[in-house]
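Numbered by mature numbering (1 follows the signal peptide of the UniProt record, and there is no 0), the letters in the sequence shown go through residues -18 to -1, 1 to 390 in order. Structure first, commentary second.
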Amino acid sequence: MGLTSVLLLFSLAALASGYDNDGRVVYEGESHLRNIRQLTFGGSNAEAYFSYDNKQLTYQATLTGSTNCDQIYRHDLTQDPRSQVPKRMSTGLGATTCSFFMNDNEHFLYAGTFHHVKYPDAQKPNEGFDTCNPKKCLHIETIVDPKLRDLCNTSYTWDIYNEYDIFLADKYGNIVSRLTDAPGYDAEGVVSPDGTKIAYTSMSSGDLELWIMNIDGSNKTMLTNTLGYDGGSFFSPDGTKLIFRASRPKTDAEKQKYIDLRSYDLVAPTDMELFWVPVDGSHKEVQITWLGGANWAPYYHHDGKRIIFATDHNNTAGFGAFDLWMIEESGNLDTLERITWDNNQFDSFPMFSWDGKQLVWGSSRNASNEYDLNLFIADWVDPPYDDDSVSSLSIFTALAVLCLRFFQ
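What follows is the structure in structure tokens.
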């Protein structure tokens, strides 16, 4: 999902809820988040993911004075965020999305369209040069096709660019290899905890399904096979499962609309739920949520049992007002817990650090205008005790018992 889509989504939320910048980064009720820090300051920044040593982030952003679509940047977590100038790692041509570190903490992958860029006609130098892929529904008034105009007018849409392929780049941003080359959309790549596999979303089968491949792009295998968009997947901590978001049209009318949108390389993400599927293909997907609305951007907690995700199911401001919530993999509603509480602003794209001690996400809190989306990081705590404190308490208790026995 490109940040231009997020911008529109957040603008819809701002209009619905009444945008108000109160300059805050911490809100009452956010008991899991301690020591919240803002990492970026302006523009639209999101989908930040940790390096395996937890010292860097790779993320995508649309920044003022840069291109009109997302590019990939790197952030050094060992330095003061206000002293850092965003370091672009992608080519600067075409659209990009969904970067992720390899386990050597230097190479990274991302999806890009730069290999399909059409350079301007040398005979018409004054026409301008914008390599960003056009958004089909951005200017409805200019659409001639009546079917497309109707679909755009009745749906909030994401563009599924057929030009996207997944590439491997080194720490300098140099392209090392191309990992996908099938016709159609290939994007949303993530790396397994052991660094040997890549999961991604592809149109190779004719529908938007989850696939998995070896780290060098070999042995591509389809994991899902149900009508609807499957994407935004991440591995479980033990690497045996993928958590993902999916649309599942049920009625004939819903199925036809999905097919019609897909024929124009579009999806409508307003009705999505969370699922998981084993990476070995041993059985089909398992649905986790039945909350209604848009439930997306899931990520496993390091305990392998809980899942943090973004949802608008509890918001009255309408589609676009998202908060972070958490639920156990079983989908038991008794375990459903709200994590962010920032007054119908936008919170999404969460990722836990590899040691589970920190959470990074994108948020509109403390934004300078209705288009700003910034990255935030916080220490993660599990009230009343996190795993380390429980272990420490257990050790302390054992020592106390030994001391009592010794002095008896």
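All C-beta atoms in this analysis are idealised placements derived from N, C-alpha and C, irrespective of residue type, glycine included.
Distance, Cα to Cα, residue i vs residue j?
| i | j | result |
| --- | --- | --- |
| residue 412 | leucine 45 | Since the first residue shown for the chain is -18 and the last is 390, residue 412 is missing from the structure and cannot be characterised. |
| proline 128 | alanine 235 | 18 Å |
| glutamate 123 | aspartate 220 | 49 Å |
| leucine 130 | glycine 214 | 26 Å |
| leucine 224 | phenylalanine 291 | 14 Å |
| leucine 15 | glutamine 61 | 21 Å |
| methionine 308 | lysine 100 | 44 Å |
| methionine 10 | serine 26 | Per the sequence presented here, residue 10 reads as glutamate, with methionine not at that position. Cα-Cα distance, rounded: 25 Å. |
| glycine 344 | phenylalanine 82 | 16 Å |
| isoleucine 241 | aspartate 294 | 25 Å |
| tryptophan 336 | glutamine 327 | 27 Å |
| threonine 162 | alanine 279 | 23 Å |
| leucine 355 | aspartate 52 | 13 Å |
| histidine 89 | valine 126 | 44 Å |
| asparagine 207 | leucine 192 | 8 Å |
| tryptophan 258 | glycine 286 | 12 Å |
| glycine 338 | histidine 121 | 43 Å |
| aspartate 112 | alanine 349 | 27 Å |
| leucine 341 | aspartate 253 | 26 Å |
| tyrosine 146 | tyrosine 246 | 15 Å |
| serine 65 | methionine 71 | 18 Å |
| tyrosine 31 | arginine 160 | 21 Å |
| serine 13 | asparagine 296 | 19 Å |
| lysine 37 | proline 365 | 26 Å |
| glutamate 311 | aspartate 132 | 38 Å |
| serine 371 | tryptophan 362 | Any reading at serine 371 needs caution, since the residue's pLDDT is 44, under 50, leaving its predicted position unreliable; the model's value is listed next. Their Cα atoms are separated by approximately 13 Å. |
| isoleucine 157 | asparagine 314 | 44 Å |
| threonine 95 | tyrosine 143 | 8 Å |
| threonine 22 | threonine 233 | 43 Å |
| arginine 230 | tyrosine 211 | 7 Å |
| lysine 117 | cysteine 134 | 11 Å |
| valine 261 | threonine 222 | 6 Å |
| lysine 239 | aspartate 141 | 15 Å |
| lysine 69 | aspartate 329 | 24 Å |
| valine 67 | glycine 74 | 16 Å |
| histidine 97 | glycine 155 | 15 Å |
| tyrosine 182 | serine 33 | 18 Å |
For a quick check, are the C-beta atoms of residue i and residue j less than 7 Å apart?
| i | j | result |
| --- | --- | --- |
| isoleucine 180 | methionine 204 | no |
| phenylalanine 358 | glutamine 42 | no |
| histidine 139 | leucine 209 | Reading off the sequence shown, one finds threonine at residue 139, where the question assumed histidine. Not closer than 7 Å, so no. |
| alanine 28 | phenylalanine 331 | yes |
| methionine 185 | glycine 166 | yes |
| phenylalanine 217 | proline 251 | no |
| aspartate 324 | arginine 288 | no |
| alanine 169 | cysteine 80 | yes |
| isoleucine 18 | alanine 303 | no |
| asparagine 115 | aspartate 35 | no |
| asparagine 277 | leucine 256 | yes |
| histidine 284 | phenylalanine 334 | yes |
| methionine 84 | valine 173 | yes |
| isoleucine 148 | leucine 91 | yes |
Based on DSSP bridge pairs, tell me the residues matched to residue i.
| i | result |
| --- | --- |
| threonine 44 | Ser26 |
| phenylalanine 216 | Ile225 |
| aspartate 168 | Ser184 |
| glutamine 20 | Phe358 |
| aspartate 147 | Gly94 |
| threonine 203 | Ile194 |
| tryptophan 140 | Val249 |
| tryptophan 258 | Ile225 and Val268 |
| tyrosine 55 | Tyr41 and Arg70 |
| residue 432 | Nothing in the structure corresponds to residue 432, since the chain is present only between -18 and 390. |
| valine 173 | Ile180 |
| tyrosine 31 | Thr40 |
| arginine 160 | Phe149 |
Inside the segment 57 to 131 only - beta strand (DSSP E) runs reaching at least 3 residues: 78 to 83 and 90 to 94
I want to know whether the segment 259 to 275 touches the segment 308 to 323 - three or more CB-CB distances under 8 Å. yes
Under 8 Å, with one C-beta from each stretch per pair, do the segment 187 to 201 and the segment 52 to 70 reach the 3-pair mark? no
Ignoring anything shorter than 3 residues, give me the beta strand (DSSP E) runs that lie fully in the segment 274 to 344, in order along the chain. 277 to 282, 288 to 293, 305 to 310 and 329 to 334
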